[in-house]
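Numbering (our numbering), first residue to last: 10 to 149. We put the beta carbon where it would ideally sit given N, CA and C, even for glycine. Worksheet: the structure to be examined is printed underneath.
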Ligand code: IDP
Ligand code: MG
């Protein structure tokens, strides 16, 4: 398996409830290493661009408002098979369908306020990482 990088966000519901450390702990415990991290509040343009693939979905407006509702922790995690490994640690989008022990099963408030974002492919990870971080902001 190749070493990969993936973009992770602790969403506003997670930061608000003090779960940023909990999320990082779970990722590090499974062999992923932090190589970039920033606490920031997304503006509308950033939230819309991050979720641009969902622009036509009925929940898009609410999703963007939710993503702007408080600070997020934006992170790049690195490790073997990082994209899939992180998706497995996160669990399914809808916490009702997420496997036991996943972040979303344990902590998500709803299908929208589901605590974490993670890139869904290596290709999208590269796009998302470049959208949030300059190369010199990534360590190692
Ligand atoms: P993912 O986060 O598991 O990759 P996506 O389908 O890419 O899931 O959806 C992006 C985000 O949009 C989800 O994490 C969630 O916050 C929100 N979302 C997805 N489906 C719904 C829905 O049916 N209602 C409200 N929000 C949704
Ligand atoms: Mg997605």
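Integer Cβ distance of residue i from residue j, believed to fall under 8 Å
i: residue 84; j: residue 43; result: 6 Å
i: residue 88; j: residue 96; result: So it is not a contact: roughly 13 Å between Cβ atoms.
Residue i versus residue j - alpha carbon distance
i: residue 118; j: residue 21; result: 11 Å
i: residue 64; j: residue 56; result: 11 Å
i: residue 121; j: residue 105; result: 12 Å
i: residue 129; j: residue 61; result: 14 Å
i: residue 76; j: residue 54; result: 11 Å
For residue i, the three-state DSSP class (helix, strand or coil)
i: residue 77; result: coil
i: residue 99; result: helix
i: residue 47; result: strand
i: residue 25; result: helix
i: residue 127; result: strand
CB of residue i within 8 Å of CB of residue j, strictly
i: residue 19; j: residue 148; result: no
i: residue 140; j: residue 13; result: no
Determine contact between the stretch 62 to 73 and the stretch 33 to 47, defined as no fewer than three beta-carbon pairs at a distance below 8 Å. The stretch 62 to 73 vs the stretch 33 to 47: no contact.
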